[in-house]
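For what it's worth, this note's numbering labels the leading residue of the sequence shown as 73, then goes sequentially. Glycine included, each C-beta is placed from N, C-alpha and C at the ideal position. Keep in mind the model is a prediction, meaning the values are calculated, not measured. In what follows, a single structure is set out as structure tokens and then discussed.
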Amino acid sequence: MKLGVICDGISRDLAHSLKVMNEFGLKYAELQFVGDKEVGDHSKQEISGIKALLDQYSAPVSCLSRHIFAGMTSNNKPGDTLHTTHMDALKRVIDMAHELNSPLVRIMSSKKEQILWGQNGAERWNVAHGAWDSLPPLIAPAVELAKAEGVKLVVETGNGTMVNSNYTARKLIDDLNAKDTLQVLWDPANNCWCHELAYPDGYNELKGGYLGHVHIKDVFVDTPRATLEVREMGQGQLAHLFKPMADAMRADAYDGVVSFESVYHCGDGDFEAGFRRCVNLFKKHFG
């Protein structure tokens, strides 16, 4: 499979990240923060410098990953001040995607309401009425913009966001009838928080052309204690699932990129050292 890394997980110094990627034979660069700026905030001159570095290391961009729509709530409406701010940022990221030949742009979703649907009494007493229905109208203008600009969006299954499982990601795409423009950025470690089993349950939700991009890391979640621990790859609750997940993607001829998300450190804050401890197992499973 096509392997890459979210570069700022190694370092926000892109030249250094690309050098480390090259050392381990990872080809595809996912850009989130470069230097002190998030993608979409760089000047034309800075983007030219980024492109020159990518060309120097022969590293195609897999995805531009700004936190579009993160922090919004079910009280936000299309066209309000916050939504307009995010849409303006999305336009800038899409412009950057054209400059860097990035096929994908990442979006997020608004903040999570815990219970979206229910029955046998829960629909009256427990459901956050209207929360889910508020989401598709917020995302629809982004889909139309991407369609007009000829790029694809991927919505990440995120911690604390309305789309926090492959089930909800697929439902959003279906509700928008947008599978040609919007696909799922599957982060199975994030989905652990809502207890969606990565394989086979989560993976099966993506069959039929919904999977657009993948993030890989390992975690241990303790939902009752509201605690998340990032773990060295192979030491968390996904350890026994990486191989069947990778095998399934190969069997289904997944042709997107699998990005390693280097957010682990050993307690010393050294994320590059954490990357080096994990990357060989990542390559073993997904390479």
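Apart from the five residues on each side of it in sequence, which residues of its chain come closer than 7 Å, Cβ to Cβ, to residue i?
i, result
"Lys-123", "Glu-171 and Leu-172"
"Leu-86", "Cys-79, Val-106, Ile-122 and Leu-125"
"Pro-150", "Pro-209, Leu-210 and Pro-213"
"Gly-81", "Glu-333, Ser-334, Val-335, Phe-343 and Phe-347"
Compare the C-alpha of residue i against each of the options and name the closest.
i, options, result
"Pro-260", "Thr-253, Gly-281, Phe-292 and Gly-280", "Phe-292"
"Ile-187", "Lys-116, Ala-200, Ser-331 and Asn-276", "Ala-200"
"Glu-304", "Lys-219, Arg-348, Leu-86 and Tyr-129", "Arg-348"
"Ile-78", "Gly-97, Lys-99, Asp-85 and Gln-104", "Gln-104"
"Ser-181", "Ser-115, Asn-148 and Ala-323", "Asn-148"
"Asn-238", "Leu-278, Ala-212 and Ala-250", "Leu-278"
"Gly-346", "Tyr-326, Asp-290, Ala-311 and Thr-295", "Asp-290"
"Ile-179", "Gly-151, Leu-217 and Thr-153", "Leu-217"
"Lys-183", "Pro-208, Asp-160 and Met-144", "Met-144"
"Gly-280", "Asn-262, Val-256 and Ile-288", "Val-256"
"Val-177", "Val-226, Arg-196 and Tyr-336", "Val-226"
"Gly-76", "Arg-84, Glu-95 and Glu-102", "Glu-102"
"Glu-221", "Gly-306, Ile-166 and Ala-325", "Ile-166"
"Trp-354", "Gly-306, Glu-344 and Tyr-336", "The question names Trp, yet the displayed sequence has Phe at residue 354. Ranking the options by Cα distance to Phe-354, first place goes to Gly-306."
"Asn-262", "Asn-231, Ala-270 and Lys-251", "Asn-231"
"Lys-219", "Lys-243, Glu-95 and Leu-248", "Leu-248"
"Ala-270", "Val-302, Leu-313, Ile-288 and His-287", "Leu-313"
"Glu-185", "Phe-343, Asn-236, Ala-311 and Gly-112", "Asn-236"
"Lys-109", "Asp-319, Phe-96, Met-93 and Ser-83", "Ser-83"
"Lys-245", "Ala-142, Cys-264 and Leu-283", "In the sequence as presented, Lys is not what sits at residue 245; that position holds Ile. Nearest of Ala-142, Cys-264 and Leu-283 to Ile-245, Cα basis: Leu-283."
"Asp-319", "Glu-301, Phe-141, Lys-356 and Asp-340", "Lys-356"
For the alpha helix (DSSP H) that contains residue i, what are its first and last residues?
i, result
"Cys-350", "343–358"
"His-267", "Neither: His-267 is in no alpha helix (DSSP H) and is coded neither H nor E."
"Asp-324", "Counting along the chain, Asp-324 falls outside any alpha helix (DSSP H), and DSSP gives it neither H nor E."
Buried or exposed for residue i, please, with buried defined as at least 16 other CB atoms from any protein chain shown within 10 angstroms of its CB.
i, result
"Ala-241", "buried"
"Cys-338", "exposed"
"Ala-298", "exposed"
"Lys-224", "buried"
"Thr-233", "buried"
"Thr-253", "buried"
"Ala-131", "buried"
"Ser-334", "buried"
"Ala-203", "buried"
"Ala-325", "exposed"
"His-267", "exposed"
"Gly-112", "buried"
"Asn-308", "The amino acid at residue 308 is misidentified as Asn; the sequence shows Gly. So Gly-308 ends up on the buried side."
What's the gap between the Cα of residue i and the Cα of residue j?
i, j, result
"Pro-175", "Glu-228", "15 Å"
"Val-361", "Pro-272", "Residue coverage of the chain in this structure runs from 73 to 359, which leaves residue 361 outside it and unanswerable."
"Tyr-275", "Met-317", "7 Å"
"Val-106", "Glu-118", "10 Å"
"Ser-146", "Ser-206", "6 Å"
"Lys-116", "Ser-89", "21 Å"
"Arg-164", "Ser-137", "12 Å"
"Gly-328", "His-285", "6 Å"
"Ala-161", "Asn-192", "42 Å"
"His-114", "Trp-197", "47 Å"
"Phe-332", "Leu-98", "9 Å"
"Val-215", "Ala-250", "7 Å"
"Met-321", "His-158", "32 Å"
"Tyr-100", "Ala-169", "14 Å"
"Asp-294", "Cys-135", "30 Å"
"Ala-323", "Lys-315", "12 Å"
"Pro-296", "Thr-156", "36 Å"
"His-287", "Ile-140", "17 Å"
Can you name the start and end residues of the beta strand (DSSP E) that residue i belongs to?
i, result
"Lys-99", "Unbroken run through Lys-99: none, as it is neither H nor E."
"Ile-179", "176–179"
"Ile-119", "Element bounds for Ile-119: not the beta strand (DSSP E) but the alpha helix (DSSP H), 116–128."
"Trp-258", "254–258"
Near residue i, which residues of its chain fall below 6 Å by C-beta distance, leaving aside the five closest residues on each side in sequence?
i, result
"Met-73", "Val-330 and Phe-358"
Just to confirm my understanding: we take residue i, look at its own chain, exclude 5 residues before and 5 after, and list those with CB closer than 8 Å. What are they?
i, result
"Glu-195", "Trp-189"
"Lys-91", "Tyr-129"
"Glu-95", "none"
"Met-93", "Gly-76, Val-77, Cys-79, Ile-82, Lys-99, Ala-101, Tyr-129 and Ala-131"
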